[in-house]
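Each remark here refers to the structure printed beneath this line.
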Amino acid sequence: MEFENFLKCLDEIKSVNNVKYMETEDLADFNKKSAYYICKEIHEKQLTNEGGYVVIGLSGGKTPIDVYKNMCAIKDIQIDKNKLIFFIIDERYKPDDHKFSNYNNIKFLFDELNINKETQLYKPDTKKDLVSCIKDYNEQIKSMLEKYKKIDIAILGMGSDFHIASLFPNVYYNIYMNNYQNNYIYEDNETIRSLHPDNNVNLSLLNEHVYFTTTNNFDVRKRITVSLNVLSNSTNKIFLLNTADKLNLWKNMLLNFYVNPNYNLYPAFKVIDSNNTTVIACGHKNYSKMLEDLYVQKPDTLSLSSDNRVENKNELLTAVIFGCSGDLAKKKIYPALFKLFCNNLLPKNILIIGFARTEQDFESFFNKISVYLKTSLNSYKNLSVFEKVERLNSFKSKCRYFIGNYLSPESFEKFNVYITEEEKVALGCCGQKNNEKHKQVDATSQSPNNLTNINATNNINNECESSAPTDSLKRCPYSSGYGNTSGTTVCPHSSYHAVKSSNTKCPYLSSHANISVNSGCPYISHHANKYGNSGCPYTITRMLYLALPPHIFVSTLENYKKHCLNKNRINKILLEKPFGKDLESFKILSKQILEAFPEKNIYRIDHYLGKDMVSGLLKLKFTNTFLLSLMNRHFIKCIKITLKETKGVYGRGQYFDPYGIIRDVMQNHMLQLLTLITMEHPTDLNDKSIQNEKIKILKSIASIKLEDTVIGQYIKSNNDDTNNSENANIDKSKINHSYLDDPHVDPNSITPTFCACVLYINSVNWHGVPIIFKTGKALNNDICEIKIQFHNIMGSSDESMYNNEFVIILQPVEGIYLKLMIKKMGSEEMEEVQLNLSLNENNNNNKPYVPEAYETLLLECYKGYKRKFISDEELYESWRIFTPLLNELQEKNIKPLSYPFGSSGPQEAYDLIKKYYNYGKNYETTAKFCRKSSYYDDSLFDNMRG
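Numbering-wise, UniProt numbering puts 734 at position 734 of the sequence shown, and it's gapless, one number per residue.
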């Protein structure tokens, strides 16, 4: 490319919101245009700068290497190479000849340009110890700026976590911890120490030119970088973004900063705000136009909040509950729908159809579920009895009951006729009132009376039968007021009822007989035979909840697909666990499900993901600096996730015995909790990005070993002081009994009701950190908690000392607290205190409405969000982790250890956990120790990376 041709390209540069964008066709074009653009800037500045000197900052990484090679080949731009001053923007703390050294990767540029490395190049001396290296390079940059007064060009890129140079989020905290804490490199003065780390102003108060930073996400952890202030004060900043992924990352940064304007998280924006920033882009056609379209949108369309989707008001939601007579539907699903309905979180047009084999009429069915619905009404303290009854009756009017067989094609053929007609009635497209419609249909009966007025079509867009004038008077809610000429009638659409009218808009047109097909009603296609296929403006979403055993999933979905599927409906399939018993059975089940419906239609439920505290784990981690910075192997000793229940499984043995505790809670609930607290920050906040980060964690977990596992089975305790076993009203799962007492359990069963195991995440961030799972039935208390235990302070060898812990309690009540060590007043002794971080107690008088788990999941499904549901790939990886252990337990016929009902589990489990988790004990004195963080102790990491 000749320089004259390149100059023509400059006319195509577009400026969007303070940034100039030069777009290129492919990588070769990107490298050439980037090289010419940089050389042009150098040439122009040599013509205007005092003495002709130009100061250029070079970043490392792979992207600029080919750009620098092209710069060396340019001959048609006049540059005085003796007046070029280079400095390294950031460097890895490795020797100059190391393969990861930025200097080593770009030294060819200095050789090709015959740069005098003594006078024209400023770089860190990585042969020195770290502290000396940082201080020396800081003085070099100061000297350079004193001599040349400014930096003319800074060449930058952006990493996958939004870092630029080696300024990693959170910038302030990273710099403070590595440079100022304990006066490690620079003086830890009171001003810097007292600042809040999220304040953008803080960055300008970090006055040094060079800093030591660290990262756990990339090959070399220790970095040397010039400060964000130095980069921002550069005259021209050039970002090289040569892939679609990097451009998407840049776009996400712009969106994220709009919502959360924080330089600490998005340091590139401080560079942008300092003006004269250019992005050279490759990988997205019309990239600047796409960004322009983003900026002209209203502010709320740029928000990343999951609550901003606009509900389609012309929508019918049909919720079909397969297995509606079961406990799950009665106790969880219907109450959840009812509360969403009472809180106006569902569309106005909603239809709830229960599908079950139980032969009963609608009133009998609704009476059974109304027991649980009335319990839900207790939470509405401000409603009168009359208002509660009104809510219940209103919800009842939306419900239907259909008797059918999940394995019978005939049942689904009749169900198709039934559900289609009910949807028409719900939208007012047919002439029949809802309360005149049968609410229960027996699909197994051949009596025509049960299918009165049911149209056999499954298309809402088919024509509706026109009615006689006398019949129409019964159906139009304004029938008493409409007429051909009256202008004072009650019906608000009275003026549209004239036969000759050309602008008819009455939504009850189907009820007005003898209306002209040319009258202009938006629903006219349903009101005259000639226009039966013109279309309906309503969107119909069917939410199919399979509250069924897994072995019925496939036949139900296949029958529905074959006989009830309609291209004009949106179908969302909700599935309940278990999803198989091991990896092989899961793969078979998953293949069959995905043959019926694609993954985008499937919503696999883990109800723990619907809990309010669980859904808050991501925000808790990624919006609090101390957690975000400390959640890695350098600070965390171990993570212990505990899920204990006081109830046994008496009465549920038939379900529980084939699966056991590992399949029941470990493979699903506990693994999901682990992914949420250990995943990396997603590139953006959409469903796919969050799922991808969870999958990365799961893929990093090796299969669990038998030697790292303890299993148990509860027996009757000798300390029983109750005598309620003969009382029929007592829940026998709560009283002292043995697992084998359940009549549905094999007397020789070796199914575990308890398990403790240790697993590891083989990632850079979590390498070597033990993850402890402990769960069981019939234990000493009900609790689900996550304990994140920190390393002891370096220099302390007292193993009896309590470790700091960050504790998240998910049930029975939600809470967060921090375990700290403080000095007792008036004593030299130390004691443990628990700092309560929960705010619930302070809001008892004005608590906001918080949906329960199933409410949240149903609402998320309706809105189309999948972040709180489990993907097929997540399930594959979770079964991969546990299947070898499950197979080994079965093949070796390993008998679980016994533990008494109401105890804390087998002693062997305590012994296993104690190897990794410090329970601590009381102590009298604390040895003096050096308060130096293990943040710098990364020899293991360096050795691992080689």
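Cβ coordinates follow ideal geometry from the N, Cα and C atoms, glycine included. As the structure is a prediction and not an experimental result, all values here were calculated from the model.
Problem set entry | Short Cβ contact (8 Å threshold) for phenylalanine 579 with leucine 594 | No, these two residues do not count as a Cβ contact at 8 Å.
For this session: Decide yes or no for the touch test of the segment 176–187 against the segment 207–225: beta carbon pairs closer than 8 Å, at least 3 of them.
Result: The segment 176–187 and the segment 207–225 touch, with no fewer than 3 CB-CB distances between them shorter than 8 Å.
For this session: Let me know the secondary structure DSSP gives valine 131 once reduced to three states.
Result: helix
Problem set entry | Beta-bridge partners of cysteine 784, as assigned by DSSP | Leu643, Gln811
Exercise. For glutamine 140, which of helix, strand or coil comes out of DSSP?
Worked result: helix
For this session: Let me know the secondary structure DSSP gives alanine 244 once reduced to three states.
Result: In this structure, alanine 244 counts as helix in the three-state DSSP scheme.
Problem set entry | Own chain, CB closer than 8 Å to lysine 716, minus 5 neighbours either side, in chain order | Asn736, His737, Ser738, Asp741, Pro900, Phe901
Problem set entry | Residues near threonine 646 by beta carbon distance below 8 Å, same chain, minus five either side | Lys734, Ala778, Leu779, Asn780, Asn781, Asp782, Gly902
For this session: Find out if the Cβ-Cβ distance for the pair isoleucine 153, proline 64 is shorter than 8 Å.
Result: Taking 8 Å as the Cβ cut-off, isoleucine 153 and proline 64 do not qualify as a contacting pair.
Exercise. First and last residue of the alpha helix (DSSP H) that includes cysteine 757?
Worked result: Note, cysteine 757: premise wrong, no alpha helix (DSSP H); beta strand (DSSP E) at 754–760.
For this session: Check whether the Cβ atoms of tyrosine 37 and methionine 22 lie closer than 8 Å to each other.
Result: yes
For this session: Compare the beta carbon distance of cysteine 564 and phenylalanine 412 with 8 Å and say whether it is the shorter of the two.
Result: yes
Exercise. Cβ of leucine 231 within 7 Å of any heavy atom in the ligand ZN?
Worked result: Looking for the ligand ZN in the displayed structure turns up nothing, as the structure carries no ligands at all.
Exercise. Going by other Cβ atoms of all chains shown within 10 Å of its Cβ, with 16 needed for buried, is lysine 915 buried or exposed?
Worked result: exposed
Exercise. Of all the CB atoms in chain C, is at least one closer than 8 Å to the CB of glycine 51?
Worked result: Among the chains of the structure shown, chain C does not appear; only one protein chain is present.
Exercise. With DSSP run on the structure shown, which of helix, strand or coil describes proline 550?
Worked result: In the three-state reduction of the DSSP assignment, proline 550 falls in the helix class.
For this session: State the start and end residues of the unbroken alpha helix (DSSP H) segment that holds glutamate 888.
Result: 872–891
Exercise. Thinking C-beta only, is methionine 543 closer than 8 Å to alanine 853?
Worked result: no
Problem set entry | Extent of the continuous alpha helix (DSSP H) run through tyrosine 37 | 27–48
Exercise. Would you report the Cα separation of leucine 546 and leucine 328, rounded to the nearest angstrom?
Worked result: 10 Å
Problem set entry | 8 Å Cβ shell around serine 838 - same chain, five flanking residues per side excluded | Glu814, Gly815, Ile816, Tyr817
Exercise. In this structure, what does DSSP give as the bridge partners for glutamine 834?
Worked result: Lys819
For this session: Report yes or no: do three or more beta-carbon pairs, one from the segment 107–119 and one from the segment 133–153, lie closer than 8 Å?
Result: no
For this session: Drop a sphere of 10 angstroms on the beta-carbon of aspartate 219, count the other beta-carbons inside from all chains shown, and report buried for 16 or more, exposed for fewer.
Result: Result: exposed.
Exercise. Is it the case that the Cβ atoms of phenylalanine 790 and isoleucine 695 are separated by a distance below 8 Å?
Worked result: Taking 8 Å as the cut-off, the beta carbon of phenylalanine 790 is found no closer than this to the beta carbon of isoleucine 695.
For this session: Decide if the segment 237–244 is in contact with the segment 274–288; the criterion is three or more beta carbon pairs, one per stretch, under 8 Å apart.
Result: Touching, yes.
Exercise. Quick one, which of Leu392, Lys414, Asn393 has its alpha-carbon nearest phenylalanine 402's?
Worked result: Lys414
Exercise. For asparagine 70, does the three-state DSSP call read helix, strand or coil?
Worked result: helix
Exercise. On the premise that isoleucine 605 lies in contact with leucine 557, defined as a C-beta separation below 8 Å, what is that separation, rounded to the nearest angstrom?
Worked result: With 8 Å as the limit, leucine 557 and isoleucine 605 do not qualify as a contact, their Cβ atoms being about 15 Å apart.
Problem set entry | Reference glycine 326, options Glu693, Cys399, Phe365, Asn5, closest by Cα | The shortest C-alpha separation from glycine 326 is found at Phe365.
For this session: State the start and end residues of the unbroken beta strand (DSSP E) segment that holds arginine 391.
Result: Careful: arginine 391 lies outside any beta strand (DSSP E), inside the alpha helix (DSSP H) at 385–396.
For this session: Can you tell me which of the three DSSP states aspartate 90 falls into?
Result: strand
Exercise. Expressed to the nearest angstrom, what Euclidean distance is found between the alpha-carbon atoms of isoleucine 419 and glutamate 363?
Worked result: 19 Å
Exercise. Taking the Cβ atom as the reference point for each residue, do lysine 640 and tyrosine 372 lie within a distance shorter than 8 Å?
Worked result: Judged by beta-carbon spacing, tyrosine 372 lies beyond the 8 Å limit of lysine 640, meaning their Cβ atoms are not closer than that value.
Exercise. Got a sec? Which residues, its chain only, sit under 6 Å from residue 948 by beta carbon, not counting five neighbours each side?
Worked result: Nothing can be reported for residue 948: it is not among the residues displayed for the chain, which extend from 1 to 946.
Exercise. CB leucine 628 to CB asparagine 170, shorter than 8 Å?
Worked result: In contact: leucine 628 and asparagine 170 (Cβ atoms closer than 8 Å).
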